[in-house]
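Worksheet for the structure shown next.
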Amino acid sequence: MISFLHNAIAGSTQKNRSISLASAGFSVLIMGTFLNPALAAGTINRDLSLELRTLDVQKFHLLAEEDLGHDLFEGLMTRDKDGILKPGVAKEWKASDDGKTYTFTLNDTKWSNGDPLTAKDFVFAFRRILEPSLGAEYATLLYPIANAKSYNKGETKDASAIGVKAVDDHTLEITLASPTPYFPDLMANTAAFPLHAASVEKLGSGYASPGKMISNGAFMLESSEPHGKIVLKKNPEFSDASAVSLDSVIYNQILDGGTAVRLFRAGELDITPGSKSDGNALAVKEMPDSVRVEVIMGTEYYDFGLNGDKVKDPDVRRAINMAIDRAALTEDILGTNEVNAYGLVPPGIDGYKAPQMDFSDKPLMQRVEEAQKLMQKAGFGPDKHLKLDVSFNSSDLHQRTAVALSDMLKDVWIDLSPVNRDGSAYWEWLGSAKGKFDLARDSWIANFPDPVNFLNLYYAGKDGSTTGYSNAEYDKTLDAAALELDKTKRFALLADAEKMLLTDGAIVPLYYYNSIRLVNPKITGWNKNGFALHPSRYLAVDR
0 MISFLHNAIA GSTQKNRSIS LASAGFSVLI MGTFLNPALA AGTINRDLSL ELRTLDVQKF
60 HLLAEEDLGH DLFEGLMTRD KDGILKPGVA KEWKASDDGK TYTFTLNDTK WSNGDPLTAK
120 DFVFAFRRIL EPSLGAEYAT LLYPIANAKS YNKGETKDAS AIGVKAVDDH TLEITLASPT
180 PYFPDLMANT AAFPLHAASV EKLGSGYASP GKMISNGAFM LESSEPHGKI VLKKNPEFSD
240 ASAVSLDSVI YNQILDGGTA VRLFRAGELD ITPGSKSDGN ALAVKEMPDS VRVEVIMGTE
300 YYDFGLNGDK VKDPDVRRAI NMAIDRAALT EDILGTNEVN AYGLVPPGID GYKAPQMDFS
360 DKPLMQRVEE AQKLMQKAGF GPDKHLKLDV SFNSSDLHQR TAVALSDMLK DVWIDLSPVN
420 RDGSAYWEWL GSAKGKFDLA RDSWIANFPD PVNFLNLYYA GKDGSTTGYS NAEYDKTLDA
480 AALELDKTKR FALLADAEKM LLTDGAIVPL YYYNSIRLVN PKITGWNKNG FALHPSRYLA
540 VDR
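Numbering (numbering that gives the first Met the number 0), first residue to last: 0 to 542.
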């Protein structure tokens, strides 16, 4: 759905954290290792895999933007190189007995211009990102805060009603609408970064430009070229500056995967973005010293448009899910060891026992036979095919996936017509379609390790979900989980909700993500983690 991978991490956004799946392959790679001459000077070149729309970190929402955001800013909480949550600006925090009030005690830290960072900077930043006029997609991550959602939707007009208060310069008190056990994880996201209140109040969105941006991360913005390089330099005022090895980081706005590979071969690029392409298997074989493969908490899937006319019948939706050969898709189309998906929530969330579609263990032939019976029950057969459009964002991989699904579904008398839309336009279309489509590609990569990160995508509430899915019992179960403080009981409720989603046939899960990148072997500190998050503060050059 529109969600960071929409970067899923998958095709760099959606509106969620989706990843950019490069269409060009690694097949041009040759054996060997490459050392960018700049590395000797403590500089690394990274690829954003997109043209940055803005440097206003509060408008970031793509996976490709995450590392850049975390290079420039640090929130109350952060993550180490292994993706483990740890204190950031906050040195400690405590929750009230009812789980509704969090009190964060801040370290003595400074902005890049030497000004002290105070609790008021967080209050200012939280109020700003929730301003309806800003249109920040990640503002939803702050919705657990009291009155945050109503303010963001224009229902509450007074920003002071939002449950965030500076008790003093070093104490921030946050009041939640209801207990939210994963709230500290939310505070590690880009949506929860502080802003230098004085400069942003003066400059507005103009703060996000070279020479004007004041940040508190390991690096500062030095220069930025439209469609070109974004150059960061080490921030001497960063609280842990002594542990930062690099002097500078250059982010390159390269859209084409083939170009990124060529630059890597030439030693002009040290890190390519997470991607999937024809040559991945070849790259793994020929470039073992440069290839970095990590399993990430993300899922590739298709949405059914439940406000349209063609897939309202649950028998049709179940038949589609049963007839897809996920093993053939991951082995023949992808070839990079993805795990077949029969649910929405990916593996990797500690303590969560994710349900699977009830046919996942059946042989494919048996599933296809049962799917044919379901289609016949719905009124289709050899002489009457169901014609559906399948929409996706531009990518050779997505095109080939759609073609593969089309071939598979012919066995159950379904004819798919691929509809290819440009990346950013696609996610705008999906968000505005309101479920009036047949099948549409979607993806989500976790920005905090909790099942609700995925399941809330289908919470209808009074606003409705973007796909038209609506189940009052599903919403009720998520509401109950939101009030449950016991992790085991809460996860059981969330598993019940996911089972409803799968039984209702709201989605077509395909596979859980791997991220594959090329990383210069001379770079150290690149540790695998489930978020595909690799801030430059943890990287170094092995001289």
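Quick reminder that beta carbons are idealized off the backbone N, C-alpha and C, glycines included.
- Distance from the CA atom of residue 457 to the CA atom of residue 466, rounded to whole angstroms, is 8 angstroms.
- For residue 290, no alpha helix (DSSP H) run applies; the uninterrupted beta strand (DSSP E) run containing it begins and ends at 290-303, by DSSP.
- Nearest Cα to residue 518 within the set 503, 535, 508, 146: 535.
- For residue 392 against residue 443, the beta-carbon gap comes to about 14 angstroms, at or over 8 angstroms, which does not count as contact.
- Here the C-alpha atom of residue 65 lies approximately 7 angstroms from the C-alpha atom of residue 532.
- In this chain, the alpha helix (DSSP H) harbouring residue 499 covers 486-502.
- Spanning the alpha carbons of residue 43 and residue 209 requires a straight line of approximately 19 angstroms.
- Rounded to the nearest angstrom, the gap between the Cα atoms of residue 166 and residue 199 is 22 angstroms.
- With respect to residue 56, residue 71 sits close: the two C-beta atoms are nearer than 8 angstroms.
- By the Cβ criterion, the stretch 161-176 is in contact with the stretch 136-152, since at least three pairs of Cβ atoms, one from each stretch, lie closer than 8 angstroms.
- It is roughly 37 angstroms from the alpha-carbon of residue 155 to the alpha-carbon of residue 353.
- About 22 angstroms separates the beta carbons of residue 374 and residue 418, which is beyond the 8 angstroms limit, so they are not a contact pair.
- Just so you know, the alpha carbons of residue 128 and residue 326 end up roughly 42 angstroms apart.
- For the pair residue 120 and residue 196, the CB atoms are nearer than the 8 angstroms cut-off.
- By the C-beta density criterion, residue 83 is exposed, having fewer than 16 other C-beta atoms within 10 angstroms.
- When secondary structure is reduced to three states using DSSP, residue 404 falls in the helix class.
- Residue 496 is not a Cβ neighbour of residue 511, given a cutoff of 8 angstroms.
- If you look at residue 313, you'll find it in the alpha helix (DSSP H) that goes 313-322.
- Between the C-alpha atoms of residue 263 and residue 160 there is a straight-line separation of about 50 angstroms.
- Per the Cβ contact rule, the stretch 328-336 is not in contact with the stretch 477-484 (fewer than 3 Cβ pairs under 8 angstroms).
- A distance below 8 angstroms between beta-carbons, with the five flanking residues on each side excluded, links residue 313 to the following residues of its chain, in chain order: 503, 504.
- Leaving aside the five residues that flank residue 164 on each side, the residues in its chain whose CB is nearer than 6 angstroms to its CB run, in chain order, 172.
- Residue 387 is positioned such that its CB atom lies no closer than 8 angstroms to that of residue 324.
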